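2 protein chains.
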Amino acid sequence: MNIKEVARRANVSISTVSRVINNTAKVSPDARARVEKVLKETKYRPNSLARELQQKRTNTIGILMSAYDFDSSSIGKSINAITDILKSEGYNIMLGNSRFHEDEEFEFLRVFQEKRVDGILYFASSFSDKHKEILEDYPIPIVMVGQKYDEIDIPYVIYDDYNGAKTATEYIIKQGHQKIGYIGCPLYDTAAGVMRKKGYEDAFREAGINNDIGYEIEGDFTLESGYKAAKELFSRNISKPSALVVATDFMAMGTIRYLTEQGLNVPNDISVIGFDDINVSAYYNPPLTTIRTDKEDAGIQASNLLLSILRKESVTKTHVTVGYELIKRNSVKSI
Amino acid sequence: MNIKEVARRANVSISTVSRVINNTAKVSPDARARVEKVLKETKYRPNSLARELQQKRTNTIGILMSAYDFDSSSIGKSINAITDILKSEGYNIMLGNSRFHEDEEFEFLRVFQEKRVDGILYFASSFSDKHKEILEDYPIPIVMVGQKYDEIDIPYVIYDDYNGAKTATEYIIKQGHQKIGYIGCPLYDTAAGVMRKKGYEDAFREAGINNDIGYEIEGDFTLESGYKAAKELFSRNISKPSALVVATDFMAMGTIRYLTEQGLNVPNDISVIGFDDINVSAYYNPPLTTIRTDKEDAGIQASNLLLSILRKESVTKTHVTVGYELIKRNSVKSI
DNA sequence: TTGTAGGCGTTATCAT
DNA sequence: ATGATAACGCCTACAA
């Protein structure tokens, strides 16, 4: 069933059918009635492909993410906000998850281009020369979320990972801790990996504390890796830390589980501070002290930024940084 | 830039360009070289819309979900598996989240039809007459995930919610508990809501135990609702339960948090069993005893089912039920 | 108010 | 091996 057949059955031209479908011009009540009757009878649905081909816009936004999964990141929260906003503006969403495989990432960039999505929300993680080459003259508007790529001028919405981690560490120091361990994210992730670690380290520097070598270790975002990292850290031949800064709440929970199994009480025996404030954090035992980043807000900001770019509005603020907040709960104790 | 312009620059016909792009017929090395040169120089990308319009398939699968968000359900896990499988088969994904608004659900069904997606994976929640009307002669293959709709013959992949909840309750009973509370999901959800509750209730019936009235209460999937439900349940004028069956792990965590705040130790003072086995469950304090449903497997099964339908294979098993497993950890104690 | 016809960018068919 | 040309289904001048 297509517009031509509808026209034939309603005994009008296809233009008239198009007019009643899109309400784009006056149609006589008589013709309109006949057309609508056929429309209903045949359950006709216009073919978006044809329409979009001719209008040169697809009303579709591509979301490109490179997470292991929805569970180990908190990307889901951002996507909730994004889908809501974009939907209300008439956009649909095409989803691509590269699972950290660069090749797939480039592949999606290609597919999005061939599918002619109107814009892209790009939850990137790492960058290479190939990225630069591709993104440098990519024809579709992109807004990055969670990461920035300094070598190219692309609008972005990021978190203040550096100051967040620094604030967390300073808070721990202020509670009297001196031996403070750090469980971080992989360094290919320039935001959660590099910046948070830097924030942690700089907090010591500025506090004039000499945090000995050997207190840093790396996880991979998962709960399990937090558990393992804590285990590994505690098997090292160093004087035991009295507090742990952990780069994500998920890993912090893995960490606490390990400590608990070792008979250590958090926060009485050892303090732990996380990062993210995911939905479980407030309900964990103990409730997690953490740095809250507003993933939802990031999604909103990114959507709106992309939207105004698509509307060709003169956007002045193409680089936005979402704030953070220290949430004091019950996994940190002063000594 | 389009195929016509490429043809002009390479001094060949558009047919030839099409041939080298799709490798669909022999092309002289000479012509091929010229075309490829232009392809590279112009960074030409074929327009999928045009191709799909003419081929009558979009290589796109629509995923329709009706969750509040990615966090309160464990739908993310299924989607991970789905995206992997579909991607490897050359399909792309279009995502629609209705947020439990029926109208938006129908809207997405319409959009998916207009966008001509090849198939749909439908994470439904509730059903109405309108659903029946729309789905009855919907022209695109659908596979339902997590729910079935008995009034219409649609292939589905579901969990064994009934037996899972029954097994959980039986296990609790076997541990010597008699006063067992239940924190459930909303009943518009026929799977997690209705079936799990039924499993809980039938366990008593068959065990010949008279579980008094007043032990059931309803949450809404969120952690917070689990907390509140526990609070409400314990404020009732009934002899306190010694165990709680909670319909989702998220709610179970909310529940345990409340109990902990009341100075009750889980499992020493009261036992709690959950449902789902989400990623945090094993790392919660205490580690959660729960019914594991394999969301990933459900995603795999659903994808494969849809795939074979699309391939017009004669599929015999259009109704599949994914198994479950009782995971004994440390939130239940025998008395 | 209505209809005709060209074009959107491909692929597919049919000659050559 | 190559090229014309007719679809695919729609929108949009332009003409009537």
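Protein chains in written order, with the working numbering: chain B, 1 to 335; chain Y, 336 to 670. Each residue gets a CB set at the ideal place from its N, CA and C atoms; glycine is no exception. Bear in mind the structure is a predicted one, so any value in this text is a computation, not a measurement.
Regarding B:Ile3 and the ligand FMN, is the C-beta to nearest heavy atom distance less than 7 Å? Ligands in the displayed structure: none, and consequently the ligand FMN is not present.
What does a CB cutoff of less than 6 Å around Y:Glu387 pick up in its chain, not counting 5 residues either side in sequence? Thr393
Anyone know if the C-beta pair for Y:Ser616 and Y:Asp584 falls short of 8 Å? yes
Near-chain Y residues of the segment 100-122 of chain B (beta-carbon distance less than 8 Å), N- to C-terminal order: Glu104, Arg110, Val111, Gln113, Glu114, Lys115, Arg116
At a Cβ cut of 9 Å, what residues of the segment 538-557 of chain Y count as close to chain B, listed as they run along the chain? Thr557
Determine the contact status of Y:Thr625 and Y:Phe610, defining contact as a CB-CB distance below 8 Å. yes
Between Y:Ser570 and Y:Val607, which are expected to be in contact by the criterion C-beta below 8 Å, what is the C-beta distance as a whole number of angstroms? Going by Cβ atoms, the distance from Y:Ser570 to Y:Val607 rounds to 18 Å, so no, they are not a contact pair.
Less than 8 Å between CB atoms is the rule here; does B:Ile93 satisfy it with respect to chain Y? yes
Look at the Cβ atom of Y:Tyr593, then the Cβ atom of Y:Arg627, and state whether they are nearer than 8 Å. no
Can you list, in chain order, the residues of its chain whose CB lies under 8 Å from that of B:Asp118, leaving out five sequence neighbours each side? Arg57, Thr58, Asn59, Thr60, Ile61, Tyr91, Ile140, Pro141, Leu310
Enumerated in chain order, which unbroken segments of the alpha helix (DSSP H) with a length of 4 residues or greater are wholly contained in the segment 391-456 of chain Y? 410-423, 437-449
Does the segment 435-445 of chain Y come close enough to the segment 458-473 of chain Y to have 3 or more Cβ pairs within less than 8 Å? yes
For chain B, is any of its Cβ atoms less than 8 Å away from the one on Y:Leu388? yes
Beta-carbon spacing of B:Ser126, B:Ser98 below 8 Å: no
Within 8 Å of any Cβ in chain B, is that where the Cβ of Y:Leu384 sits? yes
Which runs of the alpha helix (DSSP H) at least 4 residues long sit entirely within the segment 183-244 of chain B? Give them in chain order. 196-207, 223-234
Could you name the residues of chain B that Y:Thr418 contacts, counting a contact when the two beta carbons are closer than 9 Å? Leu95, Gly96, Asn97, Arg99
B:Val280 touches chain Y at which residues, Cβ-Cβ below 7 Å? Leu558, Met588, Val615
Nearest chain Y C-beta to B:Thr24 closer than 8 Å, yes or no? no
Buried versus exposed call for B:Asn265 [16 or more other C-beta atoms within 10 Å across all chains shown]: exposed
DSSP on Y:Leu661, reduced to helix/strand/coil? strand
Between the segment 356-368 of chain Y and the segment 15-23 of chain B, can you find at least three pairs of beta-carbon atoms closer than 8 Å? no
Using only alpha-carbon positions, find the residue among Y:Asn572, Y:Gln510, Y:Ser463 that is nearest to Y:Thr525. Y:Ser463
Taking the straight line between their C-alpha atoms, what separation do you get for Y:Ile612 and B:Val35? According to the sequence as given, residue 612 of chain Y is Asp; it is not Ile. Cα to Cα, Y:Asp612 sits roughly 54 Å from B:Val35.
Where Y:Arg344 falls: helix, strand or coil (DSSP): helix
When you compare each of Y:Ile670, Y:Leu522, Y:Thr651, Y:Asp629 to Y:Ser413 by their alpha carbons, which one comes out closest? Y:Asp629
Mind pulling the alpha helix (DSSP H) runs of 4 or more residues that sit fully within the segment 240-288 of chain B? 249-261
Per DSSP, what kind of secondary structure is B:Tyr171 in: helix, strand or coil? helix
Grouping DSSP H, G and I as helix and E and B as strand, with all else coil, what is B:Tyr162? helix
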